[in-house]
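Reading through the structure tokens given below for one structure.
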Ligand code: SF4
Ligand SMILES: [Zn+2]
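Here is the structure:
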């Protein structure tokens, strides 16, 4: 079987040719949103900002990045001047200033906050210093690949943040090395994740882990089992928060290629409910926060059921994420598509080995 990254890289290069980045867009973040989220028993306002940086080093590498991720097409693709990065961050500061509520500040880059090519150290310091001075900020969450996590960086960040909590989020996707490497082309091992997790915990930071439902090349049933197993493994590695990333089809990805050929379907929302039901039975929800906030739910490119129950099922997922109360997942209203989903679980034809054949024919 050819190395998967050759295919990913080919698709990536083709799509990158179509991207043109206007310098005016460097003054604004890629994305901002806010919603309610529980933090240590208190309902807070979570403010998410995605800064436009050079882009994820892994996506820009000769390995082409992850099979499911098209965030690189929103990136600047060249270093962004420090003053512009800070100007982008000022949008989040203004949003915080509009509220008196406690805030969870999530600073994302669609890459790695600790990658100095994306966020130079002076900018990192300044951003954290600003956050440290805002009274109602309870927690700062940043995202990174594990290879950028070092004790020196975390010591420096926690020192600047003082009594604010720092949560470091890692997109593990799956705890299984074969699935992470082959299905995602993720490029880091469980061992690398574990060593980053250890550093995060040793520095009294919280660890958030993203788990993906459902990876390409797995059946729905295999994906459900993998998400549950990965949750268990991530918690034993010290995860304080688990966030399920329900697959959506990004443009210019291997996942989109498979989807267009009918070789991939985004997960059913019932599968997410099943994962949450199983996980909430084995996890201490007082100690570990479980989140699931699907993007593009109900759309063909996003996680979906039959169309008529999607909105209702998403509301259950959100209600559970906010309350952390497993009772929310009981007595869910019946929709006829549950039977179709059950049949799909047993009949889906693309198991790992069969899809490998389809993959071999990629051109
Ligand atoms: S999923 Fe994360 S690591 Fe992978 S290409 Fe996207 S931003 Fe980079
Ligand atoms: Zn339905």
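Residue numbers (the working numbering): 1 to 363. Beta carbons: idealized from backbone N, C-alpha and C, even for Gly.
I need the boundaries of the beta strand (DSSP E) containing residue 139, first residue and last residue. 137 to 143
Out of curiosity, what's the CA-to-CA distance linking residue 36 and residue 282? 25 Å
With a 10 Å radius around its C-beta and 16 neighbouring C-beta atoms as the bar for buried, classify residue 310 as buried or exposed. buried
Going by other Cβ atoms of all chains shown within 10 Å of its Cβ, with 16 needed for buried, is residue 43 buried or exposed? exposed
Any heavy atom of ligand 2 closer than 8 Å to the beta-carbon of residue 338? yes
Should residue 294 be flagged as near chain D, meaning a C-beta pair shorter than 9 Å? Structure shown: chain D not included; a single protein chain is present.
Answer with buried or exposed for residue 307, where buried requires no fewer than 16 other C-beta atoms within 10 angstroms of its C-beta. exposed
Contact the stretch 164 to 183 vs the stretch 130 to 143: 3+ CB pairs below 8 Å: yes
Determine the contact status of residue 82 and residue 5, defining contact as a CB-CB distance below 9 Å. no
Sort out for me which residues DSSP pairs residue 34 with in a bridge. 47
Restricting to runs no shorter than 4 residues, where is the alpha helix (DSSP H) found entirely within the stretch 150 to 205? 151 to 161 and 190 to 202
Heavy atom of ligand 2 within 8 Å of residue 307 beta-carbon: yes
Find out if the Cβ-Cβ distance for the pair residue 15, residue 55 is shorter than 9 Å. no
Do you know whose CA, among 127, 148 and 237, lies nearest residue 174's CA? 237
Could you round the C-beta distance between residue 215 and residue 273 to whole angstroms and report it? I think they count as a contact, below 8 Å. In fact, because the Cβ distance is near 19 Å, the residues do not count as touching under 8 Å.
Tell me the residue span of the beta strand (DSSP E) that contains residue 103. 103 to 108
Can you list, in chain order, the residues of its chain with a C-beta nearer than 8 Å to that of residue 57? Leave out the 5 residues immediately preceding and following it. 111, 112, 115, 117, 118 and 145
Indicate whether residue 323 and residue 291 have their beta-carbon atoms separated by less than 9 Å. no
Pull up the distance between the alpha-carbon of residue 207 and that of residue 194, whole angstroms please. 11 Å
So for residue 285, helix, strand or coil by DSSP? coil
For residue 209 and residue 20, what's the separation of their Cα atoms in angstroms? 32 Å
Within 10 angstroms of the Cβ of residue 304, are there 16 or more other Cβ atoms? Answer buried if so, exposed if not. buried
Can residue 59 be considered in contact with ligand 1, in the sense that its beta carbon sits closer than 8 Å to one or more heavy atoms? yes
Residue 204: buried (16+ other C-beta within 10 angstroms of its C-beta) or exposed? exposed
Quick check: the stretch 44 to 52 against the stretch 87 to 97, are there 3 or more CB pairs under 8 Å? yes
With DSSP collapsed to three states, give me the class of residue 218. coil
Using DSSP's beta-bridge definition, name the partner residues of residue 244. 211 and 292
Round the Cβ separation of residue 235 and residue 275 to the nearest angstrom and send it over; I've been treating them as touching at under 8 Å. Not confirmed; about 14 Å, so no contact.
Residues near residue 295 in its chain [Cβ-Cβ closer than 7 Å; skip 5 each side]: 248 and 302
Around the C-beta of residue 150, are 16 or more other C-beta atoms found within 10 angstroms, so that it is buried, or is it exposed? exposed
Suppose the cutoff is 8 Å on Cβ atoms and the five residues either side in sequence are ignored; what does the same chain contact list for residue 138 look like? 39, 40, 42, 44, 102, 103, 104, 164 and 165
Between 285, 289, 257 and 267, which has its C-alpha nearest residue 342's C-alpha? 267
How would you write the range of the alpha helix (DSSP H) that residue 347 sits in, first residue to last? 337 to 347
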